[in-house]
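Student: Okay, here's the structure, questions in a sec.
4 protein chains.
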Amino acid sequence: MPYAPEQDPVLTLTTGPVDAYAAVLRGLARPVLYDYDPAFQLTYERVVADKLRRALRSAGVPVLLHGEPVLGLEAAAASLIRRGDVVLNLVSGVYGKGFGFWAKRYCAELIELEVPYDEAIDPGAVEAQLRARPDIAVVAVCHHDTPSGTINPVREIGAVVAAHGAQLIVDAVSSFGGMDVDPESCKADIFVTGPNKCLGCPPALSILGVSDRAWARLKANPDAPRASMLSILDWEDAWRRDAPFPFTPSVAEVNGLEAALDLYLGEGPERVWARHAGTAAACRAGVQAMGLKLWPAREAIASPTATAVRTPEGVDEAALRAAARARYGVVFSSGRGETLGRLTRIGHMGPTAQPIHAATAVMALGGALAAQGVRVDVGAGAAAAMAAIDGEG
Amino acid sequence: MPYAPEQDPVLTLTTGPVDAYAAVLRGLARPVLYDYDPAFQLTYERVVADKLRRALRSAGVPVLLHGEPVLGLEAAAASLIRRGDVVLNLVSGVYGKGFGFWAKRYCAELIELEVPYDEAIDPGAVEAQLRARPDIAVVAVCHHDTPSGTINPVREIGAVVAAHGAQLIVDAVSSFGGMDVDPESCKADIFVTGPNKCLGCPPALSILGVSDRAWARLKANPDAPRASMLSILDWEDAWRRDAPFPFTPSVAEVNGLEAALDLYLGEGPERVWARHAGTAAACRAGVQAMGLKLWPAREAIASPTATAVRTPEGVDEAALRAAARARYGVVFSSGRGETLGRLTRIGHMGPTAQPIHAATAVMALGGALAAQGVRVDVGAGAAAAMAAIDGEG
Amino acid sequence: MPYAPEQDPVLTLTTGPVDAYAAVLRGLARPVLYDYDPAFQLTYERVVADKLRRALRSAGVPVLLHGEPVLGLEAAAASLIRRGDVVLNLVSGVYGKGFGFWAKRYCAELIELEVPYDEAIDPGAVEAQLRARPDIAVVAVCHHDTPSGTINPVREIGAVVAAHGAQLIVDAVSSFGGMDVDPESCKADIFVTGPNKCLGCPPALSILGVSDRAWARLKANPDAPRASMLSILDWEDAWRRDAPFPFTPSVAEVNGLEAALDLYLGEGPERVWARHAGTAAACRAGVQAMGLKLWPAREAIASPTATAVRTPEGVDEAALRAAARARYGVVFSSGRGETLGRLTRIGHMGPTAQPIHAATAVMALGGALAAQGVRVDVGAGAAAAMAAIDGEG
Amino acid sequence: MPYAPEQDPVLTLTTGPVDAYAAVLRGLARPVLYDYDPAFQLTYERVVADKLRRALRSAGVPVLLHGEPVLGLEAAAASLIRRGDVVLNLVSGVYGKGFGFWAKRYCAELIELEVPYDEAIDPGAVEAQLRARPDIAVVAVCHHDTPSGTINPVREIGAVVAAHGAQLIVDAVSSFGGMDVDPESCKADIFVTGPNKCLGCPPALSILGVSDRAWARLKANPDAPRASMLSILDWEDAWRRDAPFPFTPSVAEVNGLEAALDLYLGEGPERVWARHAGTAAACRAGVQAMGLKLWPAREAIASPTATAVRTPEGVDEAALRAAARARYGVVFSSGRGETLGRLTRIGHMGPTAQPIHAATAVMALGGALAAQGVRVDVGAGAAAAMAAIDGEG
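So, in structure tokens, the structure goes:
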């Protein structure tokens with residue numbers, strides 16, 4: 001009695017889009033107000049200037065862009081990078097690499113510091129690179145390179161970049177809200193994230209933390225998009241209840257975001273992060289107890305919001321995920337680009353960051369491997385995941 | 001006992017965002033699936049290639065872009081217009097004028113054929129202009145220039161442009177779904193609309209009908225955005241269940257759109273249009289019976305999806321709308337740009353295109369005028385609106 | 001283009017079931033918890049012992065019965081009335097009369113004090129009746145006899161009954177939440193209401209305020225239902241988070257009720273009542289300006305939560321309402337029993353208690369009358385309703 | 001990081017109330033129509049006379065009562081049993097026993113055929129009893145005695161009772177929709193179930209299948225409740241679009257039921273039953289592989305919709321469930337009455353009847369036992385559950 005492709009699955013344990021919190025779904029279903037209705041203008045100001053700002057632990061008012069986080073990343077590249085700039089792109093995975101393509105479009109020279117895609121960037125190497133090229137004006141780093149499930153030390157990198165005087169773009173799309181990271185602690189000038197990962201919303205919005213230095217740079221950049229979907233500048237004052245919107249905000253998604261922020265601030269960020277960390281730890285324990293290998297070179301750089309599992313030799317990774325879905329109704333994410341076919345990702349994001357789901361994921365992964373002819377000890381995996389949850393791992 | 005600004009109003013009779021259909025709100029609240037989940041891939045194909053295509057009465061498969069319709073318009077300009085192009089922009093209002101700013105960014109020469117903002121474009125004038133400048137490669141027209149509440153004869157304009165051989169961009173954002181217009185009947189090469197007006201969804205998506213000729217032009221344009229939020233090309237095949245998405249689609253909004261299309265196709269387009277037309281007719285009758293003047297120069301060019309009412313001499317239009325909201329909980333739209341302060345707009349879009357709402361709008365507008373010291377005969381307005389509904393107007 | 005019977009109407013202006021507040025609908029859609037889940041037990045205690053108690057302005061903890069308010073009324077009769085009792089039933093309408101049928105089932109002798117169904121009970125007459133029959137043990141009165149749209153002076157009646165020493169059952173189903181009435185101010189021993197009228201919930205629950213004296217009487221009554229759907233006693237302690245439920249509570253409806261109470265207490269009872277009163281006043285003004293007659297003999301006894309309009313001679317009342325729905329999508333309530341066919345009721349309850357809806361109702365009623373061949377001045381009606389809203393009535 | 005009591009749990013695997021299907025929650029959130037609105041009258045007829053009838057595979061039109069299924073059971077007892085009747089109540093558990101209390105209230109003599117609460121009724125014994133007492137007029141049996149997780153052979157019992165000529169009341173509240181049972185195959189005269197178990201709705205409605213013989217008996221019974229919440233007769237014709245409702249139906253719950261029936265009929269009853277059976281089989285395999293004992297004496301009588309697990313010696317069952325919730329966010333049901341404290345129940349009903357949830361339940365139960373000091377092999381349990389799912393058990 002397999003789950004048919006057209007049936008909704010039982011459990012979506014992906015790295016995004018992730019299942020939304022029930023309260024967020026209800027938030028999306030609020031009546032749609034006119035964007036210039038005073039009630040919506042108050043909502044927008046409250047969401048952005050109060051709730052989102054508190055969630056970001058930010059001094060300045062963040063910016064909401066009305067497209068999924070790749071809009072935020074593309075807009076950051078298009079806005080912060082000037083034609084003559086030398087840009088240093090730190091690459092430890094597919095998403096870090098991908099940002100380089102946008103950066104190249106806008107800068108004079110792109111330098112990349114690249115490590116294997118199961119490794120993390122060394123802040124010392126960044127420092128050396130910056131010393132070698134004092135003309136580097138902008139540095140970009142992906143905090144959680146999701147297709148690898150690895151975390152870069154953005155706090156240390158941020159300190160190095162700030163000492164150098166360059167501006168820093170941090171892609172924290174799939175880490176923010178699931179672990180301890182925020183714009184100021186990593187000295188990001190533009191910090192890009194979204195509600196559709198660890199905050200448990202659907203994809204449709206970008207969240208940007210923009211430092212005062214970055215606002216100054218944007219305003220001084222004649223090529224920074226204006227009157228465009230790609231513009232950050234257009235939205236600088238849009239959060240004010242009496243300021244106009246440059247174009248129509250995504251009313252329903254803003255309502256959903258408010259529900260997500262209420263949950264996040266209500267549960268308490270530290271508790272939310274602990275929930276993510278505990279889920280990931282249980283998942284890693286279970287996966288390894290089945291004899292599988294994590295994709296990250298070391299557990300220390302494994303993400304608390306996604307566990308990337310190396311595909312065993314000879315296994316068709318797409319068939320593996322298809323089996324997990326068809327047999328158990330459990331959905332995982334594939335790799336992307338270079339990691340596609342080489343790893344499977346189990347997401348621990350927002351509503352799915354529940355330790356018990358890690359144990360379930362381990363069993364489903366083990367069962368699906370068995371279906372591919374790879375015998376693993378599902379019982380050992382489950383037991384290890386449970387022991388980790390119970391603090392006995 | 002006025003309605004406080006922070007309270008939700010009773011009735012949102014705006015020109016967008018409009019109130020969403022209840023079924024659309026429930027659609028938004030569906031569980032959020034992984035975009036590569038087969039169930040979502042099937043949904044996406046069904047929504048775009050079947051339901052949306054049928055709604056657009058289109059031979060080709062339409063394109064969904066994941067930002068509100070200004071994204072579709074900006075993307076159309078950025079993609080279809082080549083650097084050396086001469087572009088003819090037809091301007092009968094603020095939105096038509098606005099498109100020129102985007103067009104100018106991408107073309108060699110921008111020609112504008114402009115009429116007063118309470119008038120409509122004359123197809124004969126378009127023909128003359130095209131004859132005068134055979135090098136015009138792209139023509140752009142706004143079907144319903146919402147800030148004026150006027151309709152341009154796109155069918156006739158389309159015939160003229162097609163005969164000339166230029167490509168045509170039609171902005172039908174606030175008319176499609178509320179009246180008889182579709183890409184092929186007006187020979188549009190890129191037809192831009194959105195679900196957030198007459199289809200009764202929240203704002204967050206653009207719908208594009210792209211002709212074969214336009215696809216060919218896009219592919220031949222080296223400057224057409226690729227790997228960008230502004231790209232149309234990226235999404236050409238994304239509707240196929242087995243094709244990748246260039247980036248993450250707005251899952252919840254797609255679910256909402258499906259609910260809207262089910263309503264639209266279920267009620268029957270002709271019935272939906274009749275509902276819009278009947279509401280607008282009642283509204284015009286009521287407004288005029290109170291001695292007010294429509295903004296459109298002639299009733300023949302007044303939109304069936306929005307009624308623009310000229311602000312009487314000496315009235316503060318913002319205060320007028322504020323009074324309608326505070327006293328009655330009824331929200332109207334202001335003008336935009338040149339029409340701001342000079343007219344008030346009553347929307348008849350999607351769920352608000354109900355004739356009885358027109359009578360209510362007339363009363364609320366009349367009452368709000370009275371509050372501004374302009375005595376109008378509210379009873380006469382109401383009676384005229386009702387008579388129009390009853391076919392006695 | 002009439003509204004088809006299978007289509008949802010535009011505006012439900014009935015006396016119940018009424019349209020629910022949007023926030024209530026979202027409350028109903030919360031995940032369904034196990035009734036013995038501690039989170040639900042806390043919810044139940046919070047809703048009943050805190051929020052509902054505050055709404056009822058009650059010293060004791062109210063009781064929730066899990067069926068629409070007729071359950072509460074039947075249970076009150078079955079529980080409070082003892083076999084040997086003489087019961088005085090005050091009858092000013094169909095609902096008051098109906099309660100007598102239940103009372104008769106349980107008592108030794110039923111005395112009825114009846115006035116015409118467009119009148120209200122005179123407290124003096126109650127006093128006289130009680131003096132004449134000192135053996136009367138229980139008195140019952142319907143506060144708002146909905147099928148007549150009339151209000152009885154329960155505060156004065158309560159004082160008389162209390163002085164006499166009998167126990168008082170008050171049916172405040174369709175008045176509580178829409179005007180100033182609560183168990184203690186009318187000295188009710190059992191006060192029955194429901195969330196499905198002025199609180200803006202769907203029908204499925206009964207709310208009972210039970211005085212200490214009534215609890216004592218119930219416990220002393222060997223025939224009071226126990227282990228039954230009709231039991232009040234079963235539920236006495238069910239609100240406590242650690243007490244068992246006698247049977248399964250209606251989880252979703254309790255969640256909906258919580259949303260409704262949050263709205264009611266948040267807006268402020270006095271403001272909510274003013275909204276109801278203002279709507280009814282506008283409705284009465286409009287209806288009378290069209291030359292129609294209210295059903296209540298005097299405006300002083302007309303309900304602020306429903307306006308009953310006498311059906312003009314020769315009009316088929318069912319056809320009248322059908323016309324209002326088919327032409328305008330506006331739904332009214334019929335009379336019931338003796339008032340069926342003789343009046344039409346326009347509800348002002350919860351989300352529909354908005355003054356502008358009164359003006360719309362007047363127009364729709366006027367238009368529907370015209371469709372029945374009765375010419376009324378719709379404009380005069382609309383103007384009078386609007387003037388009343390604007391405080392110029 | 002335990003789950004706090006006030007936090008929603010992660011997974012509600014109870015025997016009711018159960019989590020509702022997402023589509024049912026959206027159904028509950030539909031606009032609330034007036035019960036006499038033609039659109040609602042059509043809905044009610046469609047739900048009851050078409051969809052529910054098809055789900056029940058019933059020739060006659062079923063009855064909906066507007067309270068959770070204990071209302072249906074109490075109403076069945078009150079309506080079908082006549083004062084002089086001899087009633088045979090078949091008791092294999094707490095719920096069967098409980099029905100006797102109601103039966104006793106209405107009959108002349110109550111005979112009980114009782115087996116231990118981990119056993120099932122033997123149809124041969126029923127036959128013998130009926131032969132011994134030819135005056136037995138009504139027989140009652142609980143199909144799935146939920147507090148025991150055991151199934152009685154109602155088909156065989158029904159044949160015996162029919163041959164005898166008595167009328168049969170079947171309580172199939174927690175089995176219908178999750179396994180192959182319906183009124184006619186078990187020759188039930190009154191078949192009581194509810195949407196709040198295997199159909200995945202919240203609790204608030206009773207569903208009754210009433211045979212022609214039962215209708216005749218009800219009508220002939222002068223004591224059968226009329227004009228009462230306990231009445232079945234009141235509702236006989238209420239499903240007809242043009243018939244009145246005896247009191248107000250629970251509009252939102254009816255909308256939720258329609259969504260549930262659409263899911264049930266859409267997925268296909270046989271597939272739904274297989275999903276339930278597969279989940280239960282996996283659960284039993286896992287539980288037993290951990291060395292735990294099922295409550296039912298034999299696996300053959302274990303319910304496919306709930307697995308009752310005997311509490312190991314010395315374990316505090318309430319603490320066990322509390323640990324499962326606090327540690328893993330997983331909620332189970334306790335026993336009831338005689339089985340309280342002696343077993344834990346894992347529900348497989350509606351949306352929770354997913355095999356993978358069985359494996360998760362096994363782990364959570366195992367982990368919670370460990371927390372109570374009972375070491376079980378969680379890994380073996382998980383592995384056995386997974387093997388059962390994969391058809392290798």
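Residue numbers (UniProt numbering), protein chains in the order written: chain B, 1 to 393; chain W, 1 to 393; chain L, 1 to 393; chain A, 1 to 393. From the three backbone atoms N, C-alpha and C, an ideal C-beta is built for every residue, glycine too.
Whole angstroms is fine: what's the gap from Q167/W's alpha carbon to V374/B's?
Tutor: About 57 Å.
Student: Could you tell me whether the Cβ of F101/W comes closer than 8 Å to any Cβ of chain B?
Tutor: yes
Student: What are the start and end residues of each continuous alpha helix (DSSP H) run of 4 or more residues lying completely inside the segment 241–288 of chain L, in chain order?
Tutor: 251–267
Student: Against chain B, which members of the segment 340–366 of chain L pass a CB distance test of less than 7 Å?
Tutor: So the list is empty, because no residue satisfies the distance condition.
Student: Within the continuous alpha helix (DSSP H) that includes L130/B, where are the two ends?
Tutor: P123 to A132
Student: Between the Cα of R336/W and the Cα atoms of A281/W, A120/W, E313/W and D145/W, which residue gives the shortest distance?
Tutor: D145/W
Student: Does the count of Cβ pairs from the segment 330–346 of chain W and the segment 3–18 of chain W closer than 8 Å reach three?
Tutor: Enough Cβ pairs lie closer than 8 Å, so yes.
Student: When the Cβ atoms of the segment 40–52 of chain A are set against those of the segment 270–277 of chain A, are three or more pairs found closer than 8 Å?
Tutor: no
Student: Can you name, in chain order, every residue of its own chain whose Cβ lies under 6 Å from the Cβ of Y328/L, other than the five neighbours on each side?
Tutor: A364
Student: Does the beta carbon of L11/B sit closer than 8 Å to a beta carbon anywhere in chain A?
Tutor: yes
Student: Just list the residues that DSSP pairs M179/B with in beta bridges.
Tutor: F176/B
Student: Spatial neighbours of P351/A within its chain, please: CB distance less than 6 Å, with the 5 preceding and 5 following residues excluded, ordered by chain position.
Tutor: D19, Y21 and G200
Student: Would V141/L pass as an interface residue toward chain A - the criterion being a Cβ-Cβ separation below 8 Å?
Tutor: no
Student: Less than 7 Å between C-beta atoms, sequence neighbours within five positions excluded: which residues of the same chain meet that for I81/A?
Tutor: V87, A103, Y106, C107 and V138
Student: Got a sec, what are the start and stop residues for the beta strand (DSSP E) R310/L sits in?
Tutor: A306 to R310
Student: So A172/W packs on T150/W, CB below 8 Å; how close in whole Å?
Tutor: The C-beta separation of A172/W from T150/W comes to about 14 Å, leaving the pair out of contact by the 8 Å criterion.
Student: If the criterion is Cβ atoms closer than 8 Å, does the pair A323/W and Q354/W meet it?
Tutor: Taking a C-beta distance under 8 Å as the contact criterion, A323/W and Q354/W do not qualify as a contact pair.
Student: Do A140/W and L71/W count as a contact pair if the criterion is CB distance below 8 Å?
Tutor: no
Student: What residue range does the alpha helix (DSSP H) around A108/W cover?
Tutor: Per DSSP, A108/W lies in no alpha helix (DSSP H) and is assigned neither H nor E.
Student: Using a Cβ-Cβ cut-off of 8 Å, state whether D145/L counts as contacting chain W.
Tutor: no
Student: Roughly how many whole angstroms lie between the Cα atoms of G178/A and D35/B?
Tutor: 47 Å
Student: Would H66/L count as contacting chain A if we go by Cβ distances under 8 Å?
Tutor: yes
Student: Would you kindly report the start and end of the unbroken beta strand (DSSP E) that includes S206/W?
Tutor: S206 to V210
Student: In chain B, which residues lie with their C-beta within 7 Å of the C-beta of A323/A?
Tutor: Those within 7 Å of A323/A in chain B number zero; the least Cβ separation is about 10 Å.
Student: Which same chain residues, not among the five before or five after I301/B, have their C-beta less than 7 Å away from its C-beta?
Tutor: A120, T150 and I151
Student: Do we get a CB-CB distance below 8 Å when we pair P202/W with the residues of chain A?
Tutor: No - not a single Cβ of chain A is within 8 Å of the one on P202/W.
Student: Just to make sure I have the definition right: I need the residues of chain A whose C-beta is within less than 9 Å of the C-beta of M386/L. Which are they?
Tutor: Going along chain A, no residue has its Cβ under 9 Å from M386/L, so there is no contact; the nearest lies around 26 Å.
Student: Please name the residue, chosen from R240/B, A188/B, K197/B and N196/B, that lies closest to W215/B on a Cα-to-Cα basis.
Tutor: By alpha-carbon distance to W215/B, the top candidate from R240/B, A188/B, K197/B and N196/B is A188/B.
Student: Distance, Cα to Cα, S148/B vs L294/B?
Tutor: Pairing S148/B with L294/B, the inter-Cα distance amounts to about 10 Å.
Student: V254/A: which of R46/A, R155/A, P9/A and D8/A sits nearest, CA to CA?
Tutor: Taking only the C-alpha atoms, the option nearest V254/A is R46/A.
Student: As an exercise, report each continuous beta strand (DSSP E) stretch of at least 3 residues that is fully enclosed by the segment 48–114 of chain A, in chain order.
Tutor: 63–65, 86–91 and 109–114
Student: Can you check which of these residues, D223/B, V251/B and L218/B, is closest to E236/B by C-alpha distance?
Tutor: Taking only the C-alpha atoms, the option nearest E236/B is L218/B.
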